[in-house]
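Engineer:
Number of protein chains: 2
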Amino acid sequence: MQSEETKVDTEERIIVAALAVFARKGKDGARMQEIANEAGINKAMLHYYFRSKDKLYEAVFRHVFNRFSAQHATAVKESPTFAKTLKLFIDGFIDSIKEKPDIVRLMVNENLSGGTALGSMIVEKQHEKAAPSILKKKLEEAIKNGEIRPVDPDHTLLTVLSCCLFFFIWAPTIHIKIPKSKDWDAFIESRKEHIFDVVYNGLQPQ
Amino acid sequence: MQSEETKVDTEERIIVAALAVFARKGKDGARMQEIANEAGINKAMLHYYFRSKDKLYEAVFRHVFNRFSAQHATAVKESPTFAKTLKLFIDGFIDSIKEKPDIVRLMVNENLSGGTALGSMIVEKQHEKAAPSILKKKLEEAIKNGEIRPVDPDHTLLTVLSCCLFFFIWAPTIHIKIPKSKDWDAFIESRKEHIFDVVYNGLQPQ
DNA sequence: GTCTATATCTCGATAGAC
DNA sequence: GTCTATCGAGATATAGAC
Chain Y
1 MQSEETKVDT EERIIVAALA VFARKGKDGA RMQEIANEAG INKAMLHYYF
51 RSKDKLYEAV FRHVFNRFSA QHATAVKESP TFAKTLKLFI DGFIDSIKEK
101 PDIVRLMVNE NLSGGTALGS MIVEKQHEKA APSILKKKLE EAIKNGEIRP
151 VDPDHTLLTV LSCCLFFFIW APTIHIKIPK SKDWDAFIES RKEHIFDVVY
201 NGLQPQ
Chain C
1001 MQSEETKVDT EERIIVAALA VFARKGKDGA RMQEIANEAG INKAMLHYYF
1051 RSKDKLYEAV FRHVFNRFSA QHATAVKESP TFAKTLKLFI DGFIDSIKEK
1101 PDIVRLMVNE NLSGGTALGS MIVEKQHEKA APSILKKKLE EAIKNGEIRP
1151 VDPDHTLLTV LSCCLFFFIW APTIHIKIPK SKDWDAFIES RKEHIFDVVY
1201 NGLQPQ
């Protein structure tokens, strides 16, 4: 028999493994056997814990979505200048993606397959506390202050997100030129600086 | 019996249908039946023309890759100022993606699944004539001229590509706020302007 | 809770009539 | 070249011993 903690642990292990496989192959492309292997358990256990592939996917998606919106939101909120806010957002956002890139990859897969799971959850979870919402608000404030040029806040937010996310999605292609492991970390750090540099300058009054 | 032209036509129809499905679901997630439906033909025909799913995928990928690198390269080459070059690149790039967004989605899927198909083809096809290579060269020239600030050309190119590509990948999520069809076109046009605005200003000497 | 064995079904692929 | 019917591999899911 198994303690309650170990049960939660196994559930967690399954979720993490499933996330990795779903992120690579998408819902339909993923194989239960592959998930079981990645979790280091038997294939039958997946069904014991989550009944079906659909239910497992749903669980992964829900689990992931909570983390995604809760991440690093606090760090951005209280900063004096817009420059600081933007820097904190970029660094914090990229760090959080770097830690769990599969989350973004899962979301991308869901977007590519035209997933219905997005609609309900995003509307439900896109609350004011999420970091992107905060950045948008700070953008609008900075425009009123004259701290930055009068750009479209939605487009600007999308631009920052694009710059922070895309290279994770495109990583294998980038790795053809930039070797993995150590160089990748250095690349990420230089990317943070570049994004802030170009975007912040791009928003400056002339 | 069927004429040679109709045969080519059917092959083309299959490729286009397969591209759409592979772009949505990836290689493993795609179903031959779905491709057949999308092409308006029988499932057996797929095997008649391409023998296997693997071979069909390979054909799609090759077909797509040629178009991808050949696109709109000429328009960028001959332009007097860096500003013009950048504007032409952004507009042309986004237009070409807008016309066939599935190409990007297929590439993203290949990246997500860590596809091996990328390595060989990209190295092989990333010749000097491709538009991104040209933009990079123009960036380096403009830096030497003092026309723009001394930024990292690789990062800058990646930034522009990110801004132009990401919103296509993320489209379903964006569509939750921005309705499809007519508004989407307007959104794309405003996006072109925004990207040029922010990036070009971001590269200006202070 | 965990494993083995197996049932059930879906999918890729082929055979064969037309 | 195109269709229907079907085979066989491989996938999800369940049964049942431990």
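Listed in order, the protein sequences are those of chains Y and C.
At position 38 of the first sequence (counting the first as 1) the number is 38 in my numbering, and the numbers step up by one without a gap.
If you count the second sequence from 1, you need to add 1000 to reach my numbering.
All C-beta atoms in this analysis are idealised placements derived from N, C-alpha and C, irrespective of residue type, glycine included.
Using only CA atoms, which one of C:V1021, C:I1041, C:V1016, C:K1077 lies nearest to A1130 of chain C?
Structural biologist: Residue C:K1077 is the option with its Cα nearest to A1130 of chain C.
Engineer: Looking at chain C, is there any beta carbon in it that lies within less than 8 Å of the beta carbon of I14 of chain Y?
Structural biologist: False, the Cβ-Cβ gap to chain C never drops below 8 Å.
Engineer: Excluding sequence positions up to five away, which residues of its chain have a Cβ less than 7 Å from the Cβ of G140 of chain Y?
Structural biologist: For the record, residue 140 of chain Y in the displayed sequence is Glu; it is not Gly. The residues are P153.
Engineer: Could you tell me whether the Cβ of D185 of chain Y comes closer than 8 Å to any Cβ of chain C?
Structural biologist: By this cut-off, D185 of chain Y is not an interface position.
Engineer: Counting only Cβ-Cβ distances shorter than 9 Å, please list the residues of the stretch 1138-1172 of chain C near chain Y, keeping chain order.
Structural biologist: Listed by position along the chain: R1149, V1151, D1152, D1154, H1155, T1156, L1158, T1159, L1161, S1162, C1163, C1164, L1165, F1166, F1167, I1169, W1170, A1171, P1172.
Engineer: Listed in chain order, which residues of the stretch 1027-1038 of chain C have Cβ atoms closer than 9 Å to some Cβ of chain Y?
Structural biologist: Correct list: K1027, D1028, G1029, A1030, R1031.
Engineer: Going along the stretch 1042-1065 of chain C in order, which residues come within less than 8 Å of chain Y, judged by CB to CB distance?
Structural biologist: Going along the stretch 1042-1065 of chain C in chain order, one finds no residue with a Cβ nearer than 8 Å to chain Y.
Engineer: Just how far apart, CA to CA, sit N1145 of chain C and M121 of chain Y?
Structural biologist: Roughly 50 Å separates the two Cα atoms.
Engineer: In whole angstroms, what is the alpha-carbon distance linking A142 of chain Y and D1028 of chain C?
Structural biologist: Each residue's alpha carbon lies about 47 Å from the other.
Engineer: When you compare each of Y:E99, Y:G40, Y:N111 to R67 of chain Y by their alpha carbons, which one comes out closest?
Structural biologist: Answer by Cα proximity: Y:E99.
Engineer: So, is A36 of chain Y buried or exposed, given that buried needs 16 or more other C-beta atoms within 10 angstroms?
Structural biologist: A36 of chain Y should be labelled buried.
Engineer: At which residues does the alpha helix (DSSP H) containing R208 of chain Y begin and terminate?
Structural biologist: Limits of chain Y in this structure are 1 at one end and 206 at the other, which puts residue 208 of chain Y out of reach.
Engineer: How far does the alpha helix (DSSP H) with N42 of chain Y in it extend, from its first residue to its last?
Structural biologist: Element bounds for N42 of chain Y: n/a, residue is neither H nor E.
Engineer: Between C:L1112, C:E1193, C:L1158, which has its C-alpha nearest S1133 of chain C's C-alpha?
Structural biologist: When each option's Cα is compared against that of S1133 of chain C, the closest is C:L1158.
Engineer: Distance, Cα to Cα, M1032 of chain C vs Y57 of chain Y?
Structural biologist: Computed Cα separation, rounded: 23 Å.
Engineer: Quick check on this structure: which residue in C:T1173, C:F1061, C:E1189 has the alpha carbon closest to the alpha carbon of T116 of chain Y?
Structural biologist: Measuring from the Cα of T116 of chain Y, the nearest candidate turns out to be C:T1173.
Engineer: Give me the Cα-Cα distance between T1006 of chain C and L1046 of chain C, rounded to the nearest whole angstrom.
Structural biologist: So the alpha carbons of these two residues sit roughly 15 Å apart.
Engineer: Alpha carbon to alpha carbon, what distance is there between I1169 of chain C and K1180 of chain C?
Structural biologist: Rounded to whole angstroms, K1180 of chain C to I1169 of chain C spans 15 Å at the Cα level.
Engineer: What three-state label does DSSP hand K1136 of chain C in the structure shown?
Structural biologist: DSSP places K1136 of chain C in helix when its eight states are reduced to three.
Engineer: Quick one: does R67 of chain Y have its CB under 8 Å from some CB of chain C?
Structural biologist: False, the Cβ-Cβ gap to chain C never drops below 8 Å.
Engineer: Pick from Y:F167, Y:V160, Y:W184, Y:E34: whose alpha carbon is nearest that of Y200 of chain Y?
Structural biologist: The option with the nearest alpha carbon to Y200 of chain Y is Y:V160.
Engineer: Below 8 Å on the Cβ atoms is my contact criterion, and I expect A1147 of chain C with F1082 of chain C to pass it. Report the Cβ-Cβ distance as a whole number of Å.
Structural biologist: Looking at the sequence provided, one finds Glu at residue 1147 of chain C rather than Ala. Between F1082 of chain C and E1147 of chain C the Cβ distance is about 5 Å, and since that is below 8 Å, they are a contact.
Engineer: Across the stretch 1007-1021 of chain C and the stretch 101-109 of chain Y, are there enough close Cβ pairs to call them in contact, namely three or more that are closer than 8 Å?
Structural biologist: Contact fails: fewer than three Cβ-Cβ distances are below 8 Å.
Engineer: Please decide whether I195 of chain Y counts as near chain C, where near means a Cβ-Cβ distance under 8 Å.
Structural biologist: Chain C contact via Cβ: present.
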